[in-house]
Amino acid sequence: MRRRQAKKRPLLPDPKFNDQLVTRFVNMMMWDGKKSVAFKIFYDSIAIIEEKKQDEEKTGLEIWKDALSNVMPHVEVRSRRVGGATFQIPMQIRPDRKVATAMKWLISFARKRNEKTMAQKLASEVLAAAKEEGAAVKKRVDTHKMAEANKAFSHFRF
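Using this note's numbering, the final residue of the sequence shown is 154, and nothing's skipped along the way.
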């Protein structure tokens, strides 16, 4: 790396919940710079979560945060070439990357669901993830399994 590390830009908290994490999620979900559309999708999905939830003492936003923490991976495998062979080496993930990966997985697996609107897709994926089920949680489990299977190569860590 010859150039300087890019400095983190401060994110404005979202208008409704006053939370920077929500803004980060909406920015990832946004297509073609249409942030207001992305915010509407997010707030609609939180409203749907509020309706469908079984846990009465938790708000929709808390359920979303639980879902995000359930999807977050703790280890991942990185490819590394050692003597002509490529090894999958399990490594710890930086905290900001954990959050980013969890958000990407939630959004991409929500998009693949087959409900009518994106708000409904997102809501059902979040509710599934909050209950430790759904495609995004399965992805985390698979990632952890892969890291566990390649634990023998962890001495190649750099």
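From the three backbone atoms N, C-alpha and C, an ideal C-beta is built for every residue, glycine too.
Bear in mind the structure is a predicted one, so any value in this text is a computation, not a measurement.
Rounded to whole angstroms, M24 and K100 show a C-alpha spacing of 7 Å. For R5, the three-state secondary structure derived from DSSP is coil.
In the three-state reduction of the DSSP assignment, I89 falls in the coil class.
Around the beta carbon of R93, fewer than 16 other beta carbons sit within 10 angstroms, so the residue counts as exposed. By the criterion of a C-beta distance shorter than 7 Å, Q16 is surrounded in its chain by L7, P9, once the five residues flanking it on both sides are discounted. Ranked by Cα distance from I45, the first of T97, V95, H140, L123 is L123.
Residues of the same chain with a CB within less than 6 Å of the CB of N146, apart from the 5 flanking positions on each side, are V73, Q84, P86 in chain order. Counted as a single uninterrupted DSSP element, the beta strand (DSSP E) harbouring E72 occupies residues 71 to 78. Under the 8 Å Cβ criterion, the region 62 to 73 counts as touching the region 131 to 147, having at least three qualifying pairs. With respect to the C-alpha of A34, the residue from A43, I89, M114, V78 having the closest C-alpha is M114.
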